[in-house]
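First up is the structure itself, then whatever we jot down about it.
Numbering (this note's numbering), first residue to last: 1 to 768.
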């Protein structure tokens, strides 16, 4: 008691210090960074996250922004609309933090060009005038539609919808900021420097000068790492960078679509982060006042005093400001999970102040006679002494409970756990220090003391008597005790009842646990009436989808990506997934999709005239002139590291960098969505297409002599296409196509496809 009296000897100092501390930490709230990217939920030390970052290093970013542009009436494929798409694409490519853009006017098209297979643009440069405007003649539009239909596996429901009334643009964002890349580089150098020093010391062969040099290198690397880490604190977080890209591209889109007969929709990771932040702030601005009002009403009807109504709320508000301000001071981001802290603290932390005030009022009511200053202070200290141990234990268990979440692998739960526990501690301290200090500076003569029963109004006394009679002359405590005991006897009065009741509770609990629906899809947190959710539903209905799943299939040796057995297995898995989940998978694209396209173009009857080019000094293989983008390095160097062949597969309509960067890792990207950037590079050391036909590498193509007995099948197919067919021949072809397509279960599209394959129209017989 003496310590308590000495501690509160100068209550104004405590009050000023508490307010100053709150103001100091609250000042940093302006620097609080809100981060709502999906990746903040990924366990950073988990193998899946490591695999994700490694895959991005090899294949490119997986962070995408999707834009759906729809025509209000008519086709999207008009010169005016295509020019709008081109303008948006060209400007988006110049936006900071944008890695690449895929659209109708900026996507690869594998074709035969001047006797060689080449990856050109879907809309060739010749279709634009000198100013870069799309000419859009009838022939050009017809050719564009023909190209879209020709490679349906890549373009349909990916960059164009089924009715040609809408198109998609995929904007791929850089996965890391410059500061983060610099920090990772500095961290790697620091690790290498420490390792070199450790090895030198362990070997005991290095001289003193070498050791000193290595120590200086470690010191310098550590200094650079610390500077880089500080730079990451000050740098823009993922959400800020993504939002900046979204704002810039939205401005570009709105400008280009102004006055046009077009509408647009945004979706993807940046849009998800933006809407998460918007809903989070909306919830906070509604829930905090709501919880505060409910608490105020409850406190008023409990205490009927000014301090009893406002002080418990004031302490938890101060605790919330201190906890969140400390987050900003320590450069911790405010996440979707952290948004629970203010509401949870107000709800749970107010209990400590309520307990302190309850014991304060009880001690005042126990005072008999005149209330002096000394008696008043003693009553305050006695109440604080009685309640301090109880609230301390209550706060301790609450804080430890929240802090236990640091064991979760999810990083954003760590900051929530720590700062929620800190907030509980602040609430405890303000309750047992700040509230008593305020009470002590209050004039003791204005202290509230409850009115004795004799002074109650006659009406209130009649109500009390009536309630007393209804309880059979028993007090409220006695009546309540009998009711509680009766409930206890009913459920647990005998050993048999206790066992049955326990088994029933366990059965209900286990059944309930098994029925819990675990859903981690963030999009399901948004109401279906929200614009963001409606945009997603629209894209899921009209395009391949908005969710992506990736498969990375690795071979054991360099060049396995070109192994026919591996390619066949990947293609069979692709076909199996499409056949097994037709309603859940919108589209799958893989490395084999490009191999089949190359094979198709290679065996297009229109290329029959290439057959004799070797004697004229031309390139027999036709592969060496792929240009800068595609199939440029078939030979050495195509495979490296431990990921030599693979397949990334996803189920989205605007996924990430499909088919890009097959070089360093010699892996293949199989995904359901992306349109592909500068793709098809570096296939591997050996390369084969389909039907078991091996092609020579680009390096040896110029010197290789064609087999003497080789007969180009394209010549026969071209001759067949140019011949006039009789009615009987056509009917036979149709009958065969009907049977091959599945007979009675065949669709018109399948029958027509088989009919084209029999004639090898545009090489379709070799699309395998």
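Positions of the beta carbon are idealized from the N, C-alpha and C atoms, including for glycine.
**Report entry** Length of the line joining the Cα atoms of residue 375 and residue 367
**Finding:** By 1-based counting over the chain shown, the position of residue 375 is 375. By 1-based counting over the chain shown, the position of residue 367 is 367. Looking at the two C-alpha atoms, the distance is approximately 8 Å.
Query raised in the report: Three-state secondary structure (DSSP) at residue 106?
Result: As a working mapping, residue 106 is identified with position 106 in the chain shown. Here residue 106 sits in strand by DSSP.
Query - Alpha-carbon to alpha-carbon, residue 57 and residue 576 - result: Taking the first residue of the chain shown as position 1, residue 576 is located at position 576. Taking the first residue of the chain shown as position 1, residue 57 is located at position 57. Computed Cα separation, rounded: 29 Å.
**Report entry** Per DSSP, cross-strand counterpart(s) of residue 116
**Finding:** Counting from one through the chain shown, the residue named residue 116 turns up at place 116. Residue 116 is bridged to 113.
Query raised in the report: With burial defined as no fewer than 16 other Cβ atoms inside 10 Å of the residue's Cβ, what is the status of residue 201: buried or exposed?
Result: On the chain shown, residue 201 is found 201 positions in, with the first residue counted as 1. Exposed, by the Cβ-count rule.
Query raised in the report: Can you tell me where the beta strand (DSSP E) with residue 587 in it begins and where it stops?
Result: The residue you call residue 587 lines up with position 587 of the chain shown. Counting along the chain, residue 587 falls outside any beta strand (DSSP E), and DSSP gives it neither H nor E.
Query raised in the report: Around the C-beta of residue 485, are 16 or more other C-beta atoms found within 10 angstroms, so that it is buried, or is it exposed?
Result: Residue numbering aside, residue 485 sits at position 485 when the chain shown is read from its first letter. Exposed, since its Cβ has fewer than 16 Cβ neighbours within 10 Å.
Report task. Taking residue 37 and residue 269 to be in contact with their CB atoms under 8 Å, please state how far apart those CB atoms are, rounded to whole angstroms. Result -> Reading the chain shown from its first residue, position 37 is the one you call residue 37. Reading the chain shown from its first residue, position 269 is the one you call residue 269. About 7 Å; that satisfies the 8 Å criterion.
Query raised in the report: Leaving out the 5 sequence neighbours to the left and right, which residues in its chain are closer than 7 Å to residue 311 when beta-carbon positions are compared?
Result: Counting from 1 along the chain shown, the entry for residue 311 is found at position 311. The residues 353, 357, 435, 438, in chain order, have a CB closer than 7 Å to that of residue 311 in the same chain once the five nearest residues on each side in sequence are set aside.
Report task. With a 10 Å radius around its C-beta and 16 neighbouring C-beta atoms as the bar for buried, classify residue 335 as buried or exposed. Result -> Residue mapping note: residue 335 aligns to position 335 of the chain shown, counting from 1. With 16 or more other Cβ atoms within 10 Å, it is buried.
Requested in this report: Determine the extent of the alpha helix (DSSP H) in which residue 5 is found, giving its start and end residues.
Outcome: Numbered from 1 along the chain shown, position 5 holds the residue referred to as residue 5. Its alpha helix (DSSP H) spans residues 2-7.
Requested in this report: Determine the extent of the beta strand (DSSP E) in which residue 69 is found, giving its start and end residues.
Outcome: For this step, residue 69 is matched to residue 69 along the chain shown. Counting along the chain, the unbroken beta strand (DSSP E) around residue 69 starts and ends at 63-71.
Report task. Leaving out five residues on either side along the sequence, give the residues of the same chain with a beta carbon under 7 Å from the beta carbon of residue 129. Result -> Translated into positions along the chain shown, residue 129 becomes position 129. Excluding residues within five positions, the ones whose Cβ falls inside 7 Å are 135.
Query raised in the report: Just checking my contact of residue 167 with residue 104 at CB under 8 Å: how many whole Å lie between their CB atoms?
Result: Position 167 of the chain shown, counting from 1, holds the residue named residue 167. Position 104 of the chain shown, counting from 1, holds the residue named residue 104. The C-beta separation of residue 167 from residue 104 comes to about 5 Å, placing the pair in contact by the 8 Å criterion.
Query raised in the report: Starting from residue 265 and walking both ways along the beta strand (DSSP E), at which residues does that stretch end?
Result: For the purposes of this step, residue 265 is identified with residue 265 of the chain shown, where counting begins at 1. Its beta strand (DSSP E) spans residues 262-268.
**Report entry** Own chain partners of residue 417 with C-beta closer than 8 Å, once the 5 adjacent residues on each side are dropped
**Finding:** Working through the chain shown from its first residue, we reach residue 417 at position 417. Excluding sequence neighbours, residue 417 sits near 402, 403, 404, 405, 406, 408.
Query - Neighbourhood of residue 756 by C-beta distance below 6 Å, restricted to the same chain and skipping five residues each side - result: As a working mapping, residue 756 is identified with position 756 in the chain shown. Excluding sequence positions up to five before and after residue 756, its CB lies within less than 6 Å of the CB of 764, all in the same chain and listed in chain order.
Query - Whole-number beta carbon distance between residue 28 and residue 325, since they are thought to touch under 8 Å - result: Taking the chain shown and counting its residues from 1, the one referred to as residue 325 is at position 325. Taking the chain shown and counting its residues from 1, the one referred to as residue 28 is at position 28. The Cβ separation is near 5 Å, so the contact holds.
Query raised in the report: So what does residue 425 bridge to, in DSSP terms?
Result: Reading the chain shown from its first residue, position 425 is the one you call residue 425. DSSP lists no bridge partner for residue 425.
Query raised in the report: alpha helix (DSSP H) containing residue 144: first to last residue?
Result: Start at 1 with the first residue of the chain shown, and residue 144 comes out as number 144. Taken as a continuous stretch (DSSP letters only), the alpha helix (DSSP H) holding residue 144 covers 138-150.
Report task. Determine, using beta carbons only, whether residue 112 and residue 601 come nearer to each other than 8 Å. Result -> Within the chain shown, residue 112 is the residue found at index 112, counting from 1. Within the chain shown, residue 601 is the residue found at index 601, counting from 1. Judged by beta-carbon spacing, residue 601 lies within the 8 Å limit of residue 112, meaning their Cβ atoms are closer than that value.
Query raised in the report: In its own chain, which residues sit with a C-beta less than 8 Å from the C-beta of residue 454, not counting the 5 before and 5 after it?
Result: Counted from its first residue, the chain shown places residue 454 at position 454. Because residue 454 carries a pLDDT of 43, less than 50, the predicted location of this residue cannot be relied on, and the following value inherits that uncertainty. For residue 454, where only same-chain residues beyond five positions count, there are no Cβ hits under 8 Å.
Query - Closest Cα partner of residue 35 within the set 61, 412, 365 - result: Translated into positions along the chain shown, residue 35 becomes position 35. Taking only the C-alpha atoms, the option nearest residue 35 is 412.
Query - Buried versus exposed, by CB contacts within 10 Å (16 or more), residue 739 - result: If you number the chain shown from 1, residue 739 lands on position 739. By the neighbour-count criterion, in which a residue is buried when 16 or more other Cβ atoms sit within 10 angstroms of its Cβ, residue 739 is exposed.
**Report entry** Where residue 622 falls, given that 16 or more other Cβ within 10 Å makes a residue buried
**Finding:** Numbered from its first residue, the chain shown carries residue 622 at position 622. For residue 622, the predicted structure reports a pLDDT of 39, less than 50, and the residue's modelled location is therefore unreliable. The matter cannot be settled from this model.
Query raised in the report: Are residue 771 and residue 84 closer than 8 Å when you measure CB to CB?
Result: Because residue 771 is not part of the residues shown, which for the chain are 1 to 768, the question remains open.
Query - Euclidean distance between Cα positions of residue 206 and residue 50 - result: Residue mapping note: residue 206 aligns to position 206 of the chain shown, counting from 1. Residue mapping note: residue 50 aligns to position 50 of the chain shown, counting from 1. So the two alpha carbons sit approximately 36 Å from each other.
Query - Burial state of residue 176 (16 or more Cβ within 10 Å) - result: What you label residue 176 is simply residue 176 of the chain shown in a count that begins at 1. By the 16-neighbour rule on beta-carbons within 10 angstroms, residue 176 is buried.
Requested in this report: Have a look at 567, 16, 531 and flag the residue whose alpha-carbon is nearest the alpha-carbon of residue 279.
Outcome: Here residue 279 corresponds to residue number 279 of the chain shown, with the count starting at 1. The shortest CA-to-CA distance from residue 279 to any of 567, 16, 531 is the one to 531.
Query raised in the report: Can you name, in chain order, every residue of its own chain whose Cβ lies under 7 Å from the Cβ of residue 567, other than the five neighbours on each side?
Result: Position 567 of the chain shown, counted from the first residue, corresponds to residue 567. Closer than 7 Å at Cβ, skipping near neighbours: 592, 595.
Query - Distance between residue 108 and residue 587 (C-alpha atoms, nearest Å) - result: Locating residue 587 in the chain shown gives position 587, where the first residue counts as 1. Locating residue 108 in the chain shown gives position 108, where the first residue counts as 1. If you take the alpha carbons of residue 587 and residue 108, they lie about 18 Å apart.
Requested in this report: Check each candidate in 142, 425, 17 and name the one with the smallest Cα separation from residue 320.
Outcome: Position 320 of the chain shown holds residue 320. Per the Cα distances, 425.
Query raised in the report: Should residue 760 be labelled buried (16 or more other beta-carbon atoms within 10 Å of its own) or exposed?
Result: Against the chain shown, residue 760 aligns to sequence position 760. When all chains shown are included, residue 760 counts as buried.
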